[in-house]
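Residue numbers (the numbering used here): 24 to 248.
All residues carry an ideal CB built from backbone N, CA and C; glycine is no exception.
Quick caveat, the model's predicted, so the values are computed rather than measured.
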């Protein structure tokens, strides 16, 4: 029986980047690819849909963007979690696969985007390298079902950079609501250069997401850890 590795991305744009890199691996059934959506609620919904397949999964790997917390991390750097943790300090160990050039350490799951350098500075007390919004509930579900879980991210914004507050301009899968976006930019014009910078980076760095997803699949242990 085929026991696949499940690759998960938060948004559809991350999904597209990963799928382009692993398209040749999908027909075998050894790799599956899913999008969970942004945030813990979206992840819990995915976990509910995975219940029937839990016993057949060899592993789960979450791949996507992250915000840097450690001051030495640069845009485009790869971070690989040895543990995933939440704001309450709860920690779940992760499978550390061989991933060239990755910086290994804790990653922090938060419930809301950290939009300013000040909010990122406050989160540095966790000792995490980077911040994201999906890993902890997915890692918890995988741990409960005895499924190895790997977690890799690409840094999209550094510790000293701000992000645009997009509010309801994005749906849970990262798709843009044009009307809502236009209104937010009209009422918050200072967000425009931040949004343009973010859009440029997601386009330029997308191949890195695909590369690390492919590397994770190729280096995954034959036997579950």
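Runs of the alpha helix (DSSP H) lying entirely within the region 31–100 and spanning at least 4 residues, in chain order: 35–45 and 63–73.
Cβ-Cβ distances below 7 angstroms link residue 138 to 185, 186 and 188 in the same chain, with the five nearest sequence neighbours on each side left out; the list follows chain order. Excluding sequence positions up to five before and after residue 168, its CB lies within less than 7 angstroms of the CB of 77, all in the same chain and listed in chain order.
Taking all protein chains shown into account, residue 235 has 16 or more neighbouring C-beta atoms within 10 Å of its C-beta and is therefore buried. By the Cβ-count criterion, residue 108 is buried, with 16 or more other Cβ atoms from all chains shown falling within 10 Å of its own Cβ. Counting along the chain, the unbroken beta strand (DSSP E) around residue 174 starts and ends at 172–180.
Residue 238 and residue 227 have their C-alpha atoms spaced approximately 19 angstroms apart. Note that the region 24–41 does not touch the region 130–147; fewer than 3 beta-carbon pairs, one per stretch, sit closer than 8 angstroms. Taken through DSSP and simplified to helix, strand or coil, residue 201 comes out as helix. The three-state secondary structure of residue 110, taken from DSSP, is coil. Boundaries of the alpha helix (DSSP H) harbouring residue 218: 214–242, taken from the DSSP string. Taken in chain order, the complete alpha helix (DSSP H) segments of 4 or more residues contained in the region 98–168 are 140–146 and 158–167. Between residue 67 and residue 209, the alpha-carbon positions lie close to 34 angstroms from each other.
Remark: C-beta atoms of residue 28 and residue 243 approach each other more closely than 7 angstroms. By a beta-carbon distance limit of 8 angstroms, residue 146 does not contact residue 73. Their separation comes to about 29 angstroms. Proximity of the region 170–183 to the region 193–200 falls short of the contact definition, fewer than three beta-carbon pairs being nearer than 8 angstroms.
About 5 angstroms separates the Cβ atoms of residue 54 and residue 240, confirming a contact at the 8 angstroms cut-off.
Going by beta carbons, residue 221 and residue 40 fall outside the 7 angstroms limit. Within the DSSP secondary-structure output, residue 29 pairs in a beta bridge with 55 and 83.
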